[in-house]
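See structure below.
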Amino acid sequence: MSGKSLDNRRVQKFHWMSRFLSGWAIFRQSFLGKIGLTLLALFALMALCSFIPPLVDPMYQPMAGVDPEISTVTGPSTRHWLGTDFMGRDLLSQLLAGARVAFMVGVSAAFMSVFLGTAIGMIAGYMGKFADTLLMRLADIIMVMPALVVLLMLAALFGQLSIWFIVFFIALFRWPGVSRVIRAQTLSLKHRPFIEAARVAGASHLRIIFRHITPNVLPLSFLYMTFQVTSAIIIEAALAFLGFGDPRTISWGMMLQWVWKTGHMFNAPYWLLPPGICISLITLSFYMLGRAMDEVLDPRLRKEGQTD
Amino acid sequence: MELWIYTSRRLVQIVIIFFVILTVLFLLFRLAPGDPVSRMVDPNLTPEDAQLLIEELGLDQPVWIQYFYYLKNFLTGHFGFSFHYGRPVVQIIGDRLPNTILLFTTSIILSALVGIFLGKIASWHKGEKTDTCLTVGALVTHTVFLPWLALIMIWVFAYKLGWFPITGMISEEVWLDPDAGLWPKSVDILHHMVLPLTTLFLIHFGSYLLIMRTSMLETLREDYILTARAKGLPEKVIRNHHAAPNAALPVVTSVGLSLAFSINGGALTETVFTWPGIGRELVFSVSHNDYPLAQASFLLIAAVVLVSNLVVDILYAYLDPRIRY
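Have a look at this one:
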């Protein structure tokens, strides 16, 4: 393990590259994966576009940009491609800003929960005994708790929740699923010869966990990250839809809350349809991406038809 | 007999978990910014009544004594009065619970059964058009944003086409009519239930379908299926009697695992369709700062989650004799 020669390192680098390339080759064959990736690229483009409109005209500021000539709901026009909301704000700008928030919430919550889940899963699996029992029972409890309901209760007690609090809380609620899988993987790794060799060579527990187990469970963690993004976006959107989102950010859920609460849902389809389609498509594309990555990691799925 | 031991052990676990939830909720109520007394005592009460209620809830005592009052009140079903309705919270919750159970269990059972059935068909036609259509359909309906789907349902089927009522659970003219018997009343509820039920069904059946399909494909590779084929049994018998029952087991597990997801969805559906259930009551009480009602609804939802998990586990142990705990 120690005193690795330069040559050895180059071999390892090549090994990672080839693993990535062969994975990419399998991924490319997956129809779902391709659609998912394309859709995500489009959403990323939307999120990037949201930075442009304010530079052009303050009227397009998604939160405060009110069109001085329009004070109510209007349909699509050349000036406002998707129309305006009940205050005369441009709906397209809100939709673009929503893409930014969705990515931010989804990716950061997923990253946090996967980080927590991987760390806890490895500790539980590696330590075993008391730590394992305690952590896994805790995971069981958190797993059955509906995150949205708990967040609602917290909103009742602590008032308006900020977007980072929401992200943090979603992460706190979503780690158990990841940690179970990582724990199982760690348990099967623990008794492999290379771990025993490291232990005999005098490696500390921390070194074994970080140097030898982590690289072997990371691909699984990444897979789970895509699924976590999906659920984080849905929970945030649902909370915003019920009126408990962060009032300083515009998310798609909040746009739906406005169209629903202001009673325009029956006469303004140009307002009702886009945010819902966006939330549904972004969750769908992350989900499809996850399934395609599943195929890359799990050879058993690969042999089954393309759509699995 | 083993099942009984297992069940009672799980029951003890559930009681402990519920106790933990109760305690955390108690602490949260005291830790949150603002005056804890104002959270349990209706601001509209007269000072004398308020004083009486404070004494009854032990809010003038030290925190750890308050905790015992809290537990005692919980065990005797004393949750205080709702600020908004002015009635005991227990009564309101009692009114709402059957409605939630009706909608929730019907939707879960329906979507699991249809998911199992369609997943079976998809796996049988693997790689064909039927399979592709079902899988893609399941993926799409499963990831649609639930409240939005509910709004679209209302917009299309209730507003544009006028086939179903827009909101609520009962129409007053039927229920106030003294001559109306049980039959028109049930038909009325069913009529109101179609849209929320369809929404929940559409969201849920997809994941069950996908799980059933994968599990079925794995089961079909087992040796005993080969044996059944070698015996010359008809394909239909192999599919329905040999493969499907075993393949359906992971679906049962996933019903348990996705319960949290289903409860969230239930609350959203009830809110959009103004279905008078616990989930809607929670959302309503939270937005109106009706703390006693919010607390009780939350505890009830937690209890529902724990109990339904137990039911799923028992069902699983019953269905799969290989599992012994």
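Protein sequence lines, in the order shown, are assigned to chains U and F.
Heads up, the first sequence is in my numbering, so the first residue is 165 and it goes up one at a time.
Heads up, the second sequence is in my numbering, so the first residue is 186 and it goes up one at a time.
All C-beta atoms, glycine included, are put in the ideal place defined by N, C-alpha and C.
In this text, all values refer to a predicted model and were calculated from it rather than measured experimentally.
Do the CB positions of G285/U and I359/U come within less than 7 Å of each other?
-> Position 121 of the first sequence, counting from 1, holds the residue named residue 285/U. Position 195 of the first sequence, counting from 1, holds the residue named residue 359/U. At the C-beta level, G285/U and I359/U stay beyond 7 Å of one another.
Under a CB-based cut-off of 7 Å, is T447/U close to chain F?
-> Counting from one through the first sequence, the residue named residue 447/U turns up at place 283. It does: the Cβ of T447/U has a partner Cβ on chain F nearer than 7 Å.
Leaving aside the five residues before and after F281/F along the sequence, list all residues of the same chain whose C-beta is less than 7 Å from its C-beta, in chain order.
-> Along the second sequence, read from residue 1 onward, the residue named residue 281/F stands at position 96. Reading the sequence as shown, one finds Arg at residue 281/F and not Phe. Contacts found: P461, G462, I463 and E466.
Is the segment 271-282 of chain U close to the segment 320-340 of chain U, with three or more CB pairs under 8 Å?
-> At 8 Å Cβ cutoff, the stretches touch.
Measure how close the beta-carbons of Y224/U and T328/F come, nearest whole angstrom, since I'm counting them as under 8 Å.
-> As a first step, residue 224/U is located in the first sequence; it is residue number 60 there, counting from the start. As a first step, residue 328/F is located in the second sequence; it is residue number 143 there, counting from the start. Not confirmed; about 30 Å, so no contact.
Partner residues on chain F for G407/U, Cβ-Cβ distance less than 7 Å = Taking the first residue of the first sequence as 1, we reach residue 407/U at position 243. Per Cβ cutoff of 7 Å: S472.
From this set, T192/F, L485/F, I201/F and G451/F, which residue's C-alpha is nearest L331/F's C-alpha?
-> The sequence position of residue 331/F within the second sequence is 146, counting from 1. Comparing alpha-carbon positions, the option among T192/F, L485/F, I201/F and G451/F lying closest to L331/F turns out to be G451/F.
If you count every other CB in all the chains shown that lies within 10 Å of the CB of C318/F, and 16 or more means buried, which is it?
-> Start at 1 with the first residue of the second sequence, and residue 318/F comes out as number 133. An exposed status is given to C318/F, since fewer than 16 other beta-carbon atoms sit within 10 Å of its beta-carbon.
Would you list, in sequence order, the uninterrupted alpha helix (DSSP H) runs of no fewer than 4 residues that lie entirely inside the segment 317-402 of chain F?
-> With a minimum length of 4 residues, the continuous alpha helix (DSSP H) runs that stay inside the segment 317-402 of chain F are 331-338 and 357-361.
Top-ranked residue by Cα proximity to I441/U, from Q421/U, W424/U and W416/U | By 1-based counting over the first sequence, the position of residue 441/U is 277. When only C-alpha atoms are compared, the closest one is W416/U.
If you pair each beta-carbon of the segment 354-369 of chain F with each one of the segment 264-271 of chain F, do three or more pairs fall below 8 Å?
-> With the cut-off at 8 Å, the segment 354-369 of chain F and the segment 264-271 of chain F do not touch.
What does DSSP give as the partner residues of T238/U in its beta bridges?
-> Sequence index remark: in the first sequence, residue 238/U carries index 74 (1-based). Beta-bridge partners assigned by DSSP to T238/U: T248/U.
Can you pull the chain U residues whose beta carbon is under 8 Å from the beta carbon of P218/F, in chain order?
-> Translated into the one-based positions of the second sequence, residue 218/F becomes position 33. Within chain U, the residues near P218/F are F322 and G323.
Compare the Cα-Cα distances from V492/F to each of R195/F, Y254/F, L212/F and H427/F and report the closest residue.
-> Working through the second sequence from its first residue, we reach residue 492/F at position 307. Closest in alpha carbon position to V492/F, among R195/F, Y254/F, L212/F and H427/F, is R195/F.
Proximity test, Cβ basis, 7 Å: F430/U and chain F | If you number the first sequence from 1, residue 430/U lands on position 266. Yes, F430/U lies at the interface with chain F (some Cβ there is under 7 Å from its Cβ).
Alpha helix (DSSP H) segment containing E241/F, residue limits | Position 56 of the second sequence, counted from the start, is the residue given in the question as residue 241/F. Unbroken alpha helix (DSSP H) run through E241/F: P232 to L242.
Report all residues from its chain with a CB closer than 7 Å to the CB of V209/F; omit the five preceding and five following residues, and keep chain order.
-> For this step, residue 209/F is matched to residue 24 along the second sequence. Listed in chain order, the non-local C-beta contacts of V209/F below 7 Å within the same chain number zero, local neighbours out to five positions each way being set aside.
One or two residues paired with V496/F in a DSSP bridge | Numbered from its first residue, the second sequence carries residue 496/F at position 311. Residue pairing of V496/F in beta bridges, as defined by DSSP: absent, with no partner found.
Give the secondary structure of V226/F by DSSP, where H, G and I count as helix, E and B as strand, and everything else as coil.
-> Within the second sequence, numbered from 1, the residue matching residue 226/F stands at position 41. Assigned with DSSP and collapsed to three states, V226/F falls in coil, not helix or strand.
Using three-state DSSP, classify R195/F as helix, strand or coil.
-> To locate residue 195/F, count along the second sequence from 1; it is residue 10. It is helical.
Go through its chain and collect everything with a Cβ distance to L246/U's Cβ below 8 Å, but skip five positions before and after it.
-> Sequence index remark: in the first sequence, residue 246/U carries index 82 (1-based). Result list for L246/U: P240, D254, L255, L256, L259, Y434, W435 and P438, in chain order.
Looking only at its own chain, which residues have a Cβ that is under 6 Å from the Cβ of T285/F, when we skip the five neighbours before and after it?
-> Your numbering for residue 285/F matches position 100 in the second sequence. Excluding sequence neighbours, T285/F sits near G462 and I463.
Quick one: is A432/F near chain U, going by C-beta distance under 7 Å?
-> Indexing the second sequence from 1 puts residue 432/F at position 247. No, because no Cβ of chain U sits closer than 7 Å to the Cβ of A432/F.
For the alpha helix (DSSP H) that M429/U lies in, which residues bound it at each end?
-> If you number the first sequence from 1, residue 429/U lands on position 265. Segment: none, M429/U is in no alpha helix (DSSP H) and carries neither H nor E.
Compute the beta-carbon to beta-carbon distance between W435/F and I396/F, rounded to the nearest angstrom, for a pair I have assumed lies under 8 Å.
-> Locating residue 435/F in the second sequence gives position 250, counting from the first residue. Locating residue 396/F in the second sequence gives position 211, counting from the first residue. A quick correction: the sequence has Pro, not Trp, at residue 435/F. Correct: roughly 5 Å between the Cβ atoms.
Nonlocal neighbours in the same chain, by C-beta distance under 6 Å from A323/F, ignoring five residues either side | The residue you call residue 323/F lines up with position 138 of the second sequence. In its chain, beyond the 5 residues on either side, G391, L394 and L395 have a beta carbon closer than 6 Å to the beta carbon of A323/F.
Buried versus exposed, by CB contacts within 10 Å (16 or more), W189/F | Translated into positions along the second sequence, residue 189/F becomes position 4. Counting the other CB atoms within 10 Å of its CB gives W189/F a total below 16, which places it among the exposed residues.
Taking the alpha-carbon positions, what's the P221/F to F207/U distance?
-> The residue given as residue 221/F occupies position 36 in the second sequence. The residue given as residue 207/U occupies position 43 in the first sequence. So the two alpha carbons sit approximately 45 Å from each other.
Based on the DSSP secondary-structure assignment, which residues constitute the bridge partners of V476/U?
-> Any question about residue 476/U goes unanswered here, given that chain U covers just 165 to 472.
Please work out which residues of its chain come closer than 7 Å, Cβ to Cβ, to S214/U, disregarding the five sequence neighbours upstream and downstream, and give them in chain order.
-> Taking the first residue of the first sequence as position 1, residue 214/U is located at position 50. For S214/U, same chain residues with a beta-carbon under 7 Å away, outside a window of 5 residues either side, are L260, A261, A263 and R264 in chain order.
What does DSSP give as the partner residues of F405/U in its beta bridges?
-> The residue you call residue 405/U lines up with position 241 of the first sequence. None; F405/U has no bridge partner.
Answer with yes or no whether the minimum CB distance from L453/U to chain F is below 7 Å.
-> On the first sequence, position 289 is the one that residue 453/U refers to. Judged by the 7 Å Cβ criterion, L453/U is not in contact with chain F.
In terms of residues, what are the limits of the alpha helix (DSSP H) holding Q225/U?
-> Taking the first residue of the first sequence as 1, we reach residue 225/U at position 61. Here Q225/U belongs to no alpha helix (DSSP H), and DSSP marks it neither H nor E.
In this structure, what does DSSP give as the bridge partners for D273/F?
-> Here residue 273/F is taken as the residue at index 88 of the second sequence, counted from 1. Asp is not the amino acid found at residue 273/F; the sequence shown has Pro there. In DSSP, P273/F forms a bridge with F266/F.
Using a beta-carbon distance below 7 Å, is V468/F in contact with chain U?
-> Counting from one through the second sequence, the residue named residue 468/F turns up at place 283. So yes, V468/F belongs to the interface.
Determine the direct distance from the alpha carbon of A320/U to that of L485/F, and round the result to whole angstroms.
-> By one-based count along the second sequence, residue 485/F stands at place 300. By one-based count along the first sequence, residue 320/U stands at place 156. L485/F and A320/U: Cα-Cα distance of roughly 16 Å.
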